[in-house]
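Visitor: One structure, as structure tokens, below. Some questions next.
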Amino acid sequence: MKKIEINLEQSVIAPLLDFIKPLVEEFGNDLVVKPDLPPDADADLREWWTENLMDTLANDAEALMHLFDRRFFESGTIEVNPENADSVLRASAAIRLRLRDRALKRFSDEDLEKGELNYYGMSQEEQRSYACYIFMATIQEVIIEHMDIIHGNR
Amino acid sequence: MSAAMADTQTRPKEAAKTAEKTAGGWKVIVHNDPVNLMSYVVMVFRRVFGYSTEKARRHMLEVHEHGRSVLWTGEREVAENYVHSLHQWQLTATLERDEED
């Protein structure tokens, strides 16, 4: 894949970043998907597994937040390239899962999957969470769509 | 090297011992979650297992409609690597012994 430049509306995205940042900072010591290993898996394997997932998640989160650097605040543009694409995709998934778990839990799986939520019936925190949830999905969709074009899967 | 192994670090020797002790057929199972996008799940299956888009999509739909899908069956250590890789991609995946083995 080649690099993708995505132009974003700063005034809309900047408040979402303030909301996402504290979530992302937790990733270095708290996994989003808890590993469920077979009962006979030994302690060393469990420890290695968890530490490796935490390292990956922390690195992914760093790559995602790095997108929103000086350039974004100057021009509204973020750049996804072959070096950061996987991390951005994974970190976006982790943020969506965390938002679902923290702030969107009262909504049914079905409504969430279909996107049939009443935005104006939500609390302010739910609205912010849902906006971030949709934003992360949009970033993922743009990257995946670009990958599909490159690999001729459309 | 498998696609899954390419994305993981070197495992401890103890893990290999575990695999030797319990050699046999193991299933890599992915469970449904209401969060991850269908296109994302298809992409992950293609990346981790090297499946075609068609096969990856079939498994994704099985997860979506039936709650789970067996993505791969084989040696435990390889299965562990796949599950670990799926966890890195934030999918809910488990390892189960293949009862037919």
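For the protein sequence lines, the chains are A and B, in the order given.
Residue 106 in the working numbering is what sits at position 106 of the first sequence, and the numbering runs on without skipping anything.
All you need for the working numbering is the position in the second sequence, starting with 1, plus 1000.
Note that the Cβ used here is the ideal one computed from N, Cα and C, for glycine as well.
No experiment lies behind these values; they were computed from the predicted model shown.
Consider the Cβ of A/Leu23: report whether some Cβ of chain B lies at a distance smaller than 8 Å.
Guide: Output row for A/Leu23: interface = no.
Visitor: Could you say if the stretch 74 to 84 of chain A and the stretch 99 to 111 of chain A meet the contact criterion of at least three C-beta pairs nearer than 8 Å?
Guide: The stretch 74 to 84 of chain A is not in contact with the stretch 99 to 111 of chain A.
Visitor: Within 10 Å of its beta-carbon, does B/Arg1046 have 16 or more other beta-carbons around it, so buried, or fewer, so exposed?
Guide: B/Arg1046 should be labelled buried.
Visitor: So that I know if they touch, is there some Cβ in chain A lying closer than 8 Å to that of B/Trp1072?
Guide: By this cut-off, B/Trp1072 is not an interface position.
Visitor: Can you check DSSP and say which residues form a bridge with A/Asn7?
Guide: For A/Asn7, which the question treats as bridged, DSSP gives the partners A/Thr77.
Visitor: I need the straight-line Cα distance from A/Phe107 to B/Asn1032, nearest angstrom please.
Guide: Computed Cα separation, rounded: 16 Å.
Visitor: Please list the partners that A/Asp109 has in chain B, where partner means a Cβ-to-Cβ separation under 8 Å.
Guide: Pro1034, listed in chain order.
Visitor: Output the distance between the C-alpha atoms of B/His1066 and A/Glu110, rounded to the nearest integer angstrom.
Guide: Whole-angstrom Cα-Cα distance: 14 Å.
Visitor: Which of the three DSSP states, helix, strand or coil, is assigned to B/Lys1055?
Guide: B/Lys1055 falls in the helix class under three-state DSSP.
Visitor: Reducing DSSP to helix, strand and coil, say where B/Val1028 ends up.
Guide: The answer is strand: DSSP assigns B/Val1028 an E or B state.
Visitor: Need the endpoints of the alpha helix (DSSP H) that A/Ser87 sits in, please.
Guide: That run of the alpha helix (DSSP H) goes Ala85 to Arg102.
Visitor: Taking the C-alpha atoms as reference points, what is the distance between A/Met65 and B/Thr1092?
Guide: Their Cα atoms are separated by approximately 24 Å.
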